[in-house]
Amino acid sequence: MEEVVVKQGVLHLQLQQTFGKKWRKFWGVLYRESSCSMARLELVEGSAPERLRKGDSSKRLVKLSDCVYVAEASGDAACPKDTVPFLLETTDRRYLLATDTTEAADWVQKLCELAFPVCAG
Numbered sequence: 061m062e063e064v065v066v067k068q069g070v071l072h073l074q075l076q077q078t079f080g081k082k083w084r085k086f087w088g089v090l091y092r093e094s095s096c097s098m099a100r101l102e103l104v105e106g107s108a109p110e111r112l113r114k115g116d117s118s119k120r121l122v123k124l125s126d127c128v129y130v131a132e133a134s135g136d137a138a139c140p141k142d143t144v145p146f147l148l149e150t151t152d153r154r155y156l157l158a159t160d161t162t163e164a165a166d167w168v169q170k171l172c173e174l175a176f177p178v179c180a181g
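Laid out in structure tokens, this is it:
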């Protein structure tokens, strides 16, 4: 059975480093739960989808079943230009992400629909 991609595109992830915080660009792919896989967000370093299926060690996986909170972030997060920040919090980690201003609300909506299916409209 084929996995269903709900949304994909460029996402920026804020990373904590020794001397402060830095934004790094990732290609994000949001997958719906299926009979052979869980609902998840995969983040592959870089901004091109070509690197997706190459077993890249720079890939990060967020299991949406572990999500406890998803919402647009308020305040000044010093985001990359023309982006809007949003927060994705799991049981063990907080991810501060940012995406293009026109895409942010859609990312948040799709993440909420998959992470919290009982609340989906």
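Taking our numbering, the leading residue of the sequence shown gets 61, the next gets one more, and so forth.
Yeah, the Cβ is synthetic: ideal placement off N, Cα and C, and Gly gets one too.
Would you list the residues sitting across from residue i in a DSSP beta bridge?
{"i": "Leu171", "result": "BP columns for Leu171 are empty, so no partner."}
{"i": "Ser97", "result": "Ser94"}
{"i": "Glu163", "result": "DSSP output for Glu163 lists no bridge partner at all."}
{"i": "Gly88", "result": "Gly69, Leu103"}
Confirm the yes/no value for this check: CB of residue i, any heavy atom of the ligand SAH, distance under 7 Å.
{"i": "Gln169", "result": "This structure lacks the ligand SAH; in fact it carries no ligand of any kind."}
Are residue i and residue j closer than 8 Å when you measure CB to CB?
{"i": "Glu132", "j": "Tyr91", "result": "no"}
{"i": "Lys82", "j": "Leu71", "result": "no"}
{"i": "Val122", "j": "Thr150", "result": "yes"}
{"i": "Lys85", "j": "Gly106", "result": "yes"}
{"i": "Gly69", "j": "Glu163", "result": "yes"}
{"i": "Lys67", "j": "Lys141", "result": "no"}
Going by C-alpha to C-alpha distance, which of the options sits closest to residue i?
{"i": "Arg154", "options": "Gln68, Glu105, Leu73", "result": "Leu73"}
{"i": "Val89", "options": "Leu75, Arg100, Ala175", "result": "Arg100"}
{"i": "Thr161", "options": "Leu174, Val144, Phe176", "result": "Val144"}
{"i": "Ala138", "options": "Leu156, Val65, Asp152, Gln169", "result": "Leu156"}
{"i": "Cys127", "options": "Ser118, Ser134, Leu148", "result": "Leu148"}
{"i": "Thr159", "options": "Ser118, Gln169, Phe146, Thr78", "result": "Phe146"}
{"i": "Val178", "options": "Ala164, Ser94, Ser125", "result": "Ser125"}
{"i": "Ala175", "options": "Met98, Asp152, Ala165", "result": "Met98"}
{"i": "Ser2", "options": "Val65, Ala108, Gln77", "result": "Because the chain is modelled from 61 through 181, residue 2 falls outside the range shown and cannot be assessed."}
{"i": "Glu102", "options": "Thr78, Trp87, Ala108", "result": "Trp87"}
{"i": "Glu173", "options": "Gln77, Val130, Ala108", "result": "Val130"}
Starting from residue i and walking both ways along the beta strand (DSSP E), at which residues does that stretch end?
{"i": "Glu63", "result": "Segment: none, Glu63 is in no beta strand (DSSP E) and carries neither H nor E."}
{"i": "Ala133", "result": "Segment: none, Ala133 is in no beta strand (DSSP E) and carries neither H nor E."}
{"i": "Pro145", "result": "143–150"}
{"i": "Leu124", "result": "Taken as a continuous stretch (DSSP letters only), Leu124 belongs to no beta strand (DSSP E), as it is neither H nor E."}
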